[in-house]
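Here our numbering runs 195 ahead of the position in the sequence shown, where the first position is 1.
In this text, a Cβ means the ideal position worked out from N, Cα and C, and glycines have one as well.
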Amino acid sequence: MHLVDPPHGLYGTVPLVGATIPLAVGAGLASKLRHDPQVAVAFFGDGAVEEGHCHESLNLAALYRLPVIFVCENNFYSTHMALLERRLKDNIVHTADAAGMPGIRLDGNDVLAVFDGTMEAVTRARSGEGPTLLECRTYRWRGHVGPASDIEVGEHRRRELDEWLPKDPITRLKGYLLEEGIAAQELDAMETVVRDEIEAAVAFARASPLPDESDLFRHVYASRKE
């Protein structure tokens, strides 16, 4: 979860709900000050919209027309609490209205729809028009934590899961590519490469030694300068 890779534009993922949203605004501000074409993107769940710093971040980004894209992956659950148990209305996309930026609701399981919506937001950001909120409506296949399907939270979720499973975005995209004339063998070969890469990464992780105890406090405190 705690991933950081600045050379590739990943400035940090943290467990605090919505905490990466202000980071994206900061990155967008830096991009604007440098006059470069980079666009910052914040990914967060529907539960993060209920955090105060989400609204503060949207407001600041809109006020200064920062090149930021706010992507809300709305899977209708915050841990185990359904969306309408936490909100009076299913209206996350209208959060953009209050900040003064466009809000676009997308089928988050449609790869092409998400691509088109994202490119629209990128073009807007790079032209100096400011941020965009994308609400990508999707669903959680597994539980909030771990590999379980999480249907024990109630019959309602079990029924929803049965409705969403056929909307698998990878299967839908594969069907589209086949209709467009891409050979099935080419797609199968691509899938094999990805699976082999994942299996190699898992094997490497399992074969790697545990970190030494002396590493426990590394990167926790700043080094004292003599």
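Thr-333 and Lys-369 have their C-alpha atoms spaced approximately 18 Å apart. DSSP, reduced to helix, strand and coil, places Thr-318 within a helical segment of the structure shown. Note on Asp-305: 16 or more other CB atoms within 10 angstroms of its CB, so buried under the neighbour-count rule. Under the 8 Å Cβ criterion, the segment 226 to 240 counts as touching the segment 260 to 277, having at least three qualifying pairs. In the structure shown, Val-288 falls within a helical segment according to DSSP collapsed to helix, strand and coil. Apart from the 5 residues on each side of it in sequence, Pro-232 sits with its Cβ closer than 7 Å to the Cβ of Arg-321 in its chain, given in chain order. Per DSSP, reduced to three states, the secondary structure at Phe-271 is coil, with no helix or strand assignment.
Exposure of Glu-374 is indicated by the presence of fewer than 16 other C-beta atoms within 10 angstroms of its C-beta. Within the same chain, Cβ atoms closer than 6 Å to the Cβ of Leu-253 are found at Ala-294, the five residues on either side in sequence being excluded.
In this structure, Gly-312 keeps its C-beta atom at 8 Å or more from the C-beta atom of Leu-328. In the structure shown, the three-state DSSP call for Thr-327 is strand. The beta carbon of Gly-207 sits closer than 7 Å to the beta carbons of Val-199, Thr-215, Leu-218 from its chain, once the five residues preceding and following it are set aside; these are given in chain order. Within the model, the alpha-carbon separation for His-203 versus Ala-222 is close to 13 Å. Counting C-beta pairs closer than 8 Å gives fewer than three between the segment 349 to 366 and the segment 280 to 296, which falls short of the contact rule.
Residue burial is scored here from C-beta neighbours: Glu-330 has at least 16 other C-beta atoms within 10 angstroms and is therefore classed as buried.
Sequence-distant Cβ neighbours of Val-317 in its own chain, meaning closer than 8 Å and more than five residues away, are Val-234, Ile-264.
The continuous alpha helix (DSSP H) containing Arg-367 extends over residues 364 to 374.
Partner residues in the beta bridge of Ile-264, as assigned by DSSP, are Val-236, Thr-327. Under the three-state reduction of DSSP, Leu-211 is assigned to coil, being neither helix nor strand.
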